[in-house]
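Only one structure is covered here, and it is reproduced in the block below.
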Amino acid sequence: MALGLMDQLAILPVMVPLLVGALLVALGTRHVRLAAALSMVSILGLLACSIALALATADGSVIPYQLGNWPAPFGISLAVDRLSSAMLVVTLLVALACQLAAGDSLAQRSRGFHGLLQFQIAGLCGAFLTTDLFNLFVFFEVLLIASYALLLQGSGRDGVRASVHYIAINLLGSSLFLFAVGLLYGVVGTLNMADLAVRIPQLAPQDVALAHSAGLVLLIVFAIKSALLPLGLWLPGTYAAATAPVAALFAIMTKVGVYSILRVYPLVFGAEAGVLSGIGAPWMLVAALGTIALAACGALAARNLRTLNCWLIAGSAGTLVAVGAVGDAASLGAAVFYLPHTTFAAAAMFLTADLIARARGSALSDRISVAAPMPHAAVLGTSFFIAAAVIAGLPPASGFIAKAVLLTSVATAPSATAIWLFVLAASLAAIIALSRAGSVLFWKPMAVEPDPEAPRPAPPAASAHGTVAALVLMLGAGIAYVVFAAPLQRYAMQAGAQIATPERYVQAVLTTAPVERTK
Amino acid sequence: MELLLASGIGVLTAVAVYLLLRARTFEVVLGLTLLSYAVNLFLFAMGRVAVDRYPILRDGLAPTLANHSDPLPQALVLTAIVIGFAMTAVLIVIALRSDAEFGDDSADAGRADEDAR
């Protein structure tokens, strides 16, 4: 078998950002423009690469990649299927928005930014591509250590305060991940997820309990990453402390946990797994519904726009996991359809909040309080309204279609009543919270006399072109989601079917022969 | 030997959890360090505890785990040690920075800052 370019595409989303990131570190801090250009070229190239992968896997084929040409399951395998390639496209679009928005000021203020962004992309893409549990742990650490540094970029005291909690809880999560991985290896003797899927049904009866506990410890880890109740209380403080470009990028981070749940549980503990089939589902459902409820309360209680958005992100992760817990092809497909929309919407809202904060000056920032009218209120208000409509799920925004698909997909499941109740009530809470925030910010400006004693709001330190471009990209992605809803939904539904029946994935990973050496 | 190793891991984990729940960042860091030690031992034990097994293949011995020790957990432990060490270092730096910034080494330092917003 000759190796064509197509066969090498799968490794590029990991290799290129790692190499570019290393190059950017070596380049040092003097050439900011060159670094920005390199970073941009890398992101655009990877975006093209991931779109090519998405098109190549659209027919249901799985592209395996055996690292170092070791035969699976002895080496580490990567594999691209519909879910992985969709996640890659979403990641790179959000990374592009982050890069654009950072061009305003963040990239000048913190010189290491572009390198960190590349490492973050490498970690995210790796997590979406790998088929090996330990490798997944390693990519989690890569993306986490980049995110620790990104969180501190330009975020001052808030960032330091949030970091202590964020790092401590993630270190704890990493330790639990290792416990689960070790336990699974000790019992099953493999860490390749495809191989696990083959071997779990053949477990000896005395080993089943151990594999069961390993599977549930793994769920705790993924629940920490996707900020499910009761492990997700780190999220609002952390994301609200990050600067806007970084917060927009972090919109994809909780989705890594959701992705891991959608990948691991149907594959390893799926319908074929015998007694261990569906072990995570009851826990997932309870945790997810609790998360949705808490997030709705948090959104209603939020005192500034960023915190409000953080709670909505937590709620969307809860919604995704609740639907993922149902676990049939239709609901998994609906989750895959909902995921990109909610990521773009959350990123757009962070960017809007940043523009509002800049227009109102640092004293008021994005606090939801009545104040003098802000400059550019019409433009900012429109942008806020679109983002809010998308998040809350008002027609004709993408949120409406995504939620409709989501709710119909679970209609026949036993947990349908609970999911409908929680998701619809949370949507109502989101509408109330967002319309209250919007009307306070834009419709109730006080006619205040300019106080001669008060310090004048400082003129914005930097241009907002980059943030506006990023915002247009994210809102545009949301609009494209409505325009191309039918083909995207078809793709997502096929992805769901592919996750629910992983035979082809398992076969592709395990039976790909090593490449022959050519003279 | 199994009993000793298992109770060692158990005691380490228990101490680690106790320290993790303390209020000071110093104790939290110590707790996470002890937890990573427990994890490393645990991973290592997953290759099964055995004495007198060859680490690399020998001529005349069947290449099975009955005669040789399992190399994979050792590779996993090595990776876990490196990553755990690096992450702990990051946490210590941030904890020191937090102490310098807020003049308080509690894990909740700067809480008043947040409430004021």
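Sequence order for the protein chains is Z and R.
Just so it is clear: in the first sequence, position 376 is 376 by the working numbering, and no numbers are missing.
In the working numbering, each residue's number is its place in the second sequence (first place is 1) plus 1000.
For every residue, glycine included, the Cβ atom is placed at its ideal position computed from N, Cα and C.
- Around Ser-260(Z), the same chain offers Phe-222 as residues with beta carbons nearer than 6 angstroms, after the five sequence neighbours per side are excluded.
- Counting every other CB atom within 10 Å of its CB across the protein chains shown gives Ser-463(Z) a total below 16, marking it as exposed.
- Closer than 8 angstroms at the C-beta level to chain Z, one finds these residues of the stretch 1074-1089 of chain R: Leu-1076, Thr-1079, Ala-1080, Ile-1083, Gly-1084, Ala-1086, Met-1087 and Thr-1088.
- As the crow flies, the alpha-carbon of Leu-23(Z) is around 29 angstroms from that of Met-474(Z).
- Residue state for Val-1049(R) is assigned as coil, using DSSP reduced to three classes.
- For Thr-130(Z), the beta-bridge partners assigned by DSSP are Leu-78(Z).
- Secondary structure of Gln-8(Z) (DSSP, three-state): helix.
- Excluding sequence positions up to five before and after Thr-1064(R), its CB lies less than 8 angstroms from no other CB in the same chain.
- Secondary structure note for Gln-66(Z): its beta strand (DSSP E) is the uninterrupted segment 63-66.
- With respect to chain R, the C-beta atom of Gly-215(Z) has no partner C-beta closer than 8 angstroms.
- When only Cα atoms are considered, Val-1082(R) and Arg-1024(R) end up about 25 angstroms apart.
- In the same chain as Asp-354(Z), and ignoring 5 residues on each side of it, the C-beta atoms closer than 7 angstroms to its own belong to Ala-244 and Thr-467, in chain order.
- At a beta-carbon threshold of 7 angstroms, the residues of chain Z lying near Arg-1097(R) are Val-160, ordered along the chain.
- Burial check for Leu-1061(R): the Cβ neighbour count within 10 Å stays below 16, so the residue is exposed.
- Secondary structure at Ser-226(Z): coil, using DSSP grouped into helix, strand and coil.
- When the alpha-carbon of Phe-384(Z) is set against those of Gly-186(Z), Arg-436(Z) and Pro-414(Z), the nearest one is in Arg-436(Z).
- The beta carbon of Ser-398(Z) sits closer than 7 angstroms to those of His-341, Val-390, Gly-478, Tyr-481 and Val-482, all from its chain and outside the five residues before and after it, given in chain order.
- Contact between the stretch 85-98 of chain Z and the stretch 45-64 of chain Z is present: three or more C-beta pairs spanning the two stretches fall below 8 angstroms.
- For Gly-60(Z), the closest alpha carbon among the candidates Gln-507(Z), Thr-512(Z), Ala-495(Z) and Val-286(Z) is that of Ala-495(Z).
- Ranked by Cα distance from Ala-485(Z), the options Ala-242(Z), Pro-396(Z) and Ser-147(Z) are led by Pro-396(Z).
- If you draw a 10 Å sphere on the C-beta of Arg-82(Z), you find 16 or more other C-beta atoms in it, and that means buried.
- For the options Ile-224(Z), Phe-442(Z) and Ala-433(Z), the alpha carbon positioned closest to that of Val-379(Z) is the one of Phe-442(Z).
- At least one CB of chain R lies nearer than 8 angstroms to the CB of Leu-178(Z).
- Annotation for Ile-76(Z): Leu-67, Asp-132 and Asn-135 place their beta carbon closer than 6 angstroms to its own, counting only its chain and skipping 5 residues before and after.
- Using a Cβ distance threshold of 8 angstroms, Leu-407(Z) and Trp-420(Z) count as a contacting pair.
- DSSP lists no beta-bridge partner residue for Arg-263(Z).
- Considering only beta carbons, the part of the stretch 130-141 of chain Z lying closer than 7 angstroms to chain R consists of Phe-134, Val-138 and Glu-141, in chain order.
- Restricting attention to beta strand (DSSP E) runs no shorter than 3 residues, the stretch 322-400 of chain Z encloses none.
- For the pair Ala-247(Z) and Ala-1066(R), the Cα-to-Cα distance works out to about 52 angstroms.
- In the three-state scheme derived from DSSP, where H, G and I count as helix and E and B as strand, His-31(Z) is classed as coil.
- Under the DSSP assignment, Trp-420(Z) falls in the alpha helix (DSSP H) whose first and last residues are 416-438.
- Put simply, the backbone Cα of Glu-272(Z) is about 9 angstroms away from that of Thr-501(Z).
- Secondary structure note for Gln-202(Z): it is in no alpha helix (DSSP H), with a DSSP letter that is neither H nor E.
- Nearest to Ala-330(Z) by alpha-carbon distance, out of Val-410(Z), Leu-262(Z), Leu-218(Z) and Ile-167(Z), is Val-410(Z).
- Burial is judged here by how many other beta carbons sit within 10 angstroms of a residue's own beta carbon; Lys-444(Z) has fewer than 16 and is exposed.
- For Met-1046(R), the neighbours in chain Z by C-beta distance under 8 angstroms run, in chain order, Gly-182, Leu-183, Tyr-185 and Gly-186.
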